[in-house]
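Enquirer: Residue 435 in the UniProt record's numbering is what sits at position 435 of the sequence shown, and the numbering runs on without skipping anything.
Yeah, the Cβ is synthetic: ideal placement off N, Cα and C, and Gly gets one too.
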Amino acid sequence: MNDKENLARTVSRNSLFTIIYNVWYLGSRLVLTPLILSYITIEEYGLWAYCFVVLSYLALTAFGFNNTYIRYAADYRSRGEDHKVNQLLSTGIVSMLGVGLLLFLLFLPALPFLIPALGIDPELNQTAHRLFVGTAAIFVLNFSLAGYQCVLEGEQKIALVRKIHLVASVVELILLLLFFRMGMGVFSLLWAYGIRFGLIILSTIVFAHRVFPFLSVRFRHLRLEALKAFGNFGGKMSLLGLLSLLINSVDRIFITRMLHLGPAGLYEIGRKLPNIGMMLPSAVAGTLMPAASHLEGSGLHRKLRGMYLRATRYIMLLSALPYAFLIFFAPQIIEVWVGPGYEGPARVMQILALGTLINLFTGSGTACVRGMGLPGYEIRYMAISAAMLLALTPVFIHLAGLEGAAWSYTLAQATGSIYFLFVANRLFEIPWKTFMSQTVPPVLILFAAGIPGLFLCQNIWAYGASSRWSGLFLLALFGCVHLLLAVLLLLLARHRLLTPEEKARLAEITPPKPMIPLWSRLWSPP
Numbered sequence: 001m002n003d004k005e006n007l008a009r010t011v012s013r014n015s016l017f018t019i020i021y022n023v024w025y026l027g028s029r030l031v032l033t034p035l036i037l038s039y040i041t042i043e044e045y046g047l048w049a050y051c052f053v054v055l056s057y058l059a060l061t062a063f064g065f066n067n068t069y070i071r072y073a074a075d076y077r078s079r080g081e082d083h084k085v086n087q088l089l090s091t092g093i094v095s096m097l098g099v100g101l102l103l104f105l106l107f108l109p110a111l112p113f114l115i116p117a118l119g120i121d122p123e124l125n126q127t128a129h130r131l132f133v134g135t136a137a138i139f140v141l142n143f144s145l146a147g148y149q150c151v152l153e154g155e156q157k158i159a160l161v162r163k164i165h166l167v168a169s170v171v172e173l174i175l176l177l178l179f180f181r182m183g184m185g186v187f188s189l190l191w192a193y194g195i196r197f198g199l200i201i202l203s204t205i206v207f208a209h210r211v212f213p214f215l216s217v218r219f220r221h222l223r224l225e226a227l228k229a230f231g232n233f234g235g236k237m238s239l240l241g242l243l244s245l246l247i248n249s250v251d252r253i254f255i256t257r258m259l260h261l262g263p264a265g266l267y268e269i270g271r272k273l274p275n276i277g278m279m280l281p282s283a284v285a286g287t288l289m290p291a292a293s294h295l296e297g298s299g300l301h302r303k304l305r306g307m308y309l310r311a312t313r314y315i316m317l318l319s320a321l322p323y324a325f326l327i328f329f330a331p332q333i334i335e336v337w338v339g340p341g342y343e344g345p346a347r348v349m350q351i352l353a354l355g356t357l358i359n360l361f362t363g364s365g366t367a368c369v370r371g372m373g374l375p376g377y378e379i380r381y382m383a384i385s386a387a388m389l390l391a392l393t394p395v396f397i398h399l400a401g402l403e404g405a406a407w408s409y410t411l412a413q414a415t416g417s418i419y420f421l422f423v424a425n426r427l428f429e430i431p432w433k434t435f436m437s438q439t440v441p442p443v444l445i446l447f448a449a450g451i452p453g454l455f456l457c458q459n460i461w462a463y464g465a466s467s468r469w470s471g472l473f474l475l476a477l478f479g480c481v482h483l484l485l486a487v488l489l490l491l492l493a494r495h496r497l498l499t500p501e502e503k504a505r506l507a508e509i510t511p512p513k514p515m516i517p518l519w520s521r522l523w524s525p526p
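#1: Against chain D, does Leu239 count as a neighbour if the rule is that its beta carbon must be under 9 Å from one of theirs?
#2: Contact defined as beta carbons within less than 8 Å: I believe Ile418 pairs with Leu309. What is the distance between those atoms, to the nearest angstrom?
#3: Could you check the C-alpha separation between Leu199 and Ala137 for me, to the nearest Å?
#4: Just how far apart, CA to CA, sit Tyr267 and Asp82?
#5: Going by alpha carbons, who is nearest to Gly134 out of Phe361, Phe52, Phe233?
#6: Given Leu411, which residues of its chain have a CB within under 8 Å of its CB, disregarding the five upstream and five downstream residues?
#7: How would you call Cys480, buried or exposed, if buried means at least 16 neighbouring beta carbons within 10 angstroms?
#8: Determine the direct distance from the alpha carbon of Tyr39 to that of residue 527, and round the result to whole angstroms.
#9: Rank Leu360, Ile36, Ala74 by C-alpha distance to the C-alpha of Ala414 and give the top, closest one.
#10: Can you give me the C-alpha to C-alpha distance between Leu472 and Gly185, rounded to a whole angstrom?
#11: Using 10 angstroms around the beta-carbon of Met436, count the other beta-carbons present and answer buried if the total reaches 16, otherwise exposed.
#12: Looking at C-beta atoms only, is the number of pairs between the region 78 to 93 and the region 204 to 223 that lie closer than 8 Å three or more?
#13: For Leu490, is the beta carbon positioned less than 8 Å from some heavy atom of the ligand HEM?
#14: Between which two residues does the alpha helix (DSSP H) carrying Gly183 extend?
#15: Look at residue 536 and Phe197 and say whether their C-beta atoms are less than 9 Å apart.
#16: Return the first residue and the last residue of the alpha helix (DSSP H) that Pro442 is part of.
#17: Tell whether a beta-carbon distance below 9 Å holds between Val348 and Ala405.
#18: When you compare only the Cα positions, how much space is there between Asn2 and Tyr21?
#19: Please work out which residues of its chain come closer than 7 Å, Cβ to Cβ, to Leu160, disregarding the five sequence neighbours upstream and downstream, and give them in chain order.
#20: Where does the unbroken alpha helix (DSSP H) through Ser364 begin, and where does it stop?
#21: Take the Cβ of Trp48 as the centre, count every other Cβ of all protein chains shown within 10 Å, and call the residue buried at 16 or more, exposed below.
#22: Give the DSSP-derived three-state secondary structure of Glu429 in the structure shown.
#23: Considering only their Cβ atoms, is the gap separating Pro274 from Tyr323 smaller than 9 Å?
#24: So, Asp121 versus Glu172, is the Cβ gap smaller than 9 Å?
#25: Within 10 Å of its beta-carbon, does Phe107 have 16 or more other beta-carbons around it, so buried, or fewer, so exposed?
#26: Which term fits Leu140, buried or exposed, when burial requires 16 or more other beta carbons within 10 angstroms of its beta carbon?
#27: Please name the residue, chosen from His209, Gly464, Arg494, that lies closest to Ile445 on a Cα-to-Cα basis.
#28: Does DSSP put Arg347 in a helix, a strand or coil?
#29: With a floor of 4 residues, list each alpha helix (DSSP H) that falls wholly inside the region 209 to 262, ordered by position along the chain.
Here's what the structure looks like:
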């Protein structure tokens, strides 16, 4: 088997397990949100979500370190320089432990001043203090020892990492239910979250030593060269992380300051599904980073160009159907999910789903430029989005409340994403016409497939959804109609839509025996 086939199999396997994990995570979060809201108030739920907004800035340095681990571990292993992996991991862990402890010790005395400044209601001050301290401790421990997971990902053992996360997530779910039953309230979320990441850290340490028998974390392995790698490439990635955090938190920070925690909790409900839905295609794109490093290091630029274009096409095929469903059926989804009376979050969901879908066009490109060691391309596009968000969000919130915040996010993301696609296509020498013809038609077809279901919903929902269970049944029906029509339209357009390579691969699939004649006719030349 040649290197191209090996690489394709590895990326496919990693993508498959990433999809499985994210489907599970998405499904479990869907079930958990209404359950959580039955045990805690919307203000407490908004506070829990706000903890992650604030503490994401504490973990900012880890973003650069983690990407440095992945890129350089992949590079060193491809060169057979195992001793440099030890130097990289030892230097990274020692550095991050020191930085993490320092940040934590600075965070503790600042917390009494930070909580009022964030606009948190006074009656929640004590709860906020305990949640912030607990989540900060978990963050510091996690990003200090994340190097073990990252070197596994650099070795393209992403499937193994996803299995670990899946098991830990199941344990978290069980513990969360147990803690709620014990009457621990909002702190159930904190304890279950902490135990989940404790399991992940211990498991990745064990498996990293199994995959790399030579692995050794010692003070004698500390090297200035490794520290420079963290400072140079890692510094750029940390800047990228800062921009990403700004983009994903500016709206919620302004909402909490201007509208307080209740509306912040409602906004969190509206953004949860578009945000979780992004995890699946984004995680698949993330598997491309070590592959791009390998191709760039081997001088296989033509293959890298093809991987970028194909991955963008497949990510959009994967994303268009669920995001079309979110946009078309957001009011019904919210009603079934958390109950009636949440019209605001439904409109927020529709707006954010549109902005997120546009942003997903950049997924494979950002992974590839990171793997190539060119984070500047991503930094520039995210700087455009962040600057627009900072300027537009307070104005739009003042004009249109929660919907205004959602529109500011969507406009900023769309503008930055279009800029990135122009510069990325120029980098990979892909004509804009070729890019559009390969990526946009599948999205349009999958959206068109949802229109009949939308008309059906408008005619029967009012009297058909008499309860949340009947509403769930109708949503499942609309989803099945959407999926079946999407498959039908894709098959009707197959000769224009699919590439010869894609048709050849589909023709090689052996369907159930009764379908063989039809399957052969579908993939025969027109």
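Expert: This is what the structure holds:
#1: Chain labels in this structure do not include chain D; a single protein chain is all it has.
#2: The beta-carbon separation of Ile418 and Leu309, rounded to 17 Å, does not stay under the 8 Å limit for a contact.
#3: Taken atom to atom, the span from the alpha-carbon of Leu199 to that of Ala137 is near 15 Å.
#4: Between Tyr267 and Asp82, the C-alpha separation is close to 47 Å.
#5: Measuring C-alpha to C-alpha distances from Gly134 to each of Phe361, Phe52, Phe233 identifies Phe52 as the nearest.
#6: The beta carbon of Leu411 sits closer than 8 Å to the beta carbons of Gly355, Met388, Leu392 from its chain, once the five residues preceding and following it are set aside; these are given in chain order.
#7: It is exposed - the Cβ of Cys480 has fewer than 16 other Cβ atoms within 10 Å.
#8: With the chain running from 1 to 526 in the structure shown, residue 527 is simply not present.
#9: Cα-wise, what sits closest to Ala414 is Leu360.
#10: Taking the straight line joining both Cα atoms gives about 28 Å.
#11: Exposed, because fewer than 16 other Cβ atoms sit within 10 Å of the Cβ of Met436.
#12: Taking 8 Å as the limit for Cβ pairs, the verdict is that the region 204 to 223 does touch the region 78 to 93.
#13: For the ligand HEM, the structure offers nothing, since it holds no ligand at all.
#14: No alpha helix (DSSP H) holds Gly183; DSSP gives it neither H nor E.
#15: Within the shown structure, residues of the chain are numbered from 1 to 526, placing residue 536 beyond reach of any answer.
#16: For Pro442, the uninterrupted alpha helix (DSSP H) segment begins and ends at 432 to 448.
#17: A contact, by the Cβ cut-off of 9 Å.
#18: In this predicted model, Asn2 has a pLDDT of only 47, less than 50, meaning its place in the structure is not dependable; the value taken from the coordinates is given anyway. The alpha-carbon separation between Asn2 and Tyr21 amounts to approximately 29 Å.
#19: Within the same chain, and ignoring the five residues on either side of Leu160 in sequence, the residues whose Cβ sits closer than 7 Å to its Cβ are Leu152, Phe207.
#20: Looking at the DSSP string, the run of the alpha helix (DSSP H) that includes Ser364 is 363 to 371.
#21: By the Cβ-count criterion, Trp48 is buried, with 16 or more other Cβ atoms from all chains shown falling within 10 Å of its own Cβ.
#22: Glu429: coil per DSSP, three-state reduction.
#23: Pro274 is positioned such that its CB atom lies closer than 9 Å to that of Tyr323.
#24: Their beta carbons are not under 9 Å apart, which means Asp121 does not touch Glu172 by this criterion.
#25: Buried, because 16 or more other Cβ atoms sit within 10 Å of the Cβ of Phe107.
#26: The residue you asked about is not Leu; residue 140 is Val in the sequence shown. By the neighbour-count criterion, in which a residue is buried when 16 or more other Cβ atoms sit within 10 angstroms of its Cβ, Val140 is buried.
#27: Nearest C-alpha to Ile445 among His209, Gly464, Arg494: Arg494.
#28: Helix.
#29: Listed in chain order, they are 224 to 259.
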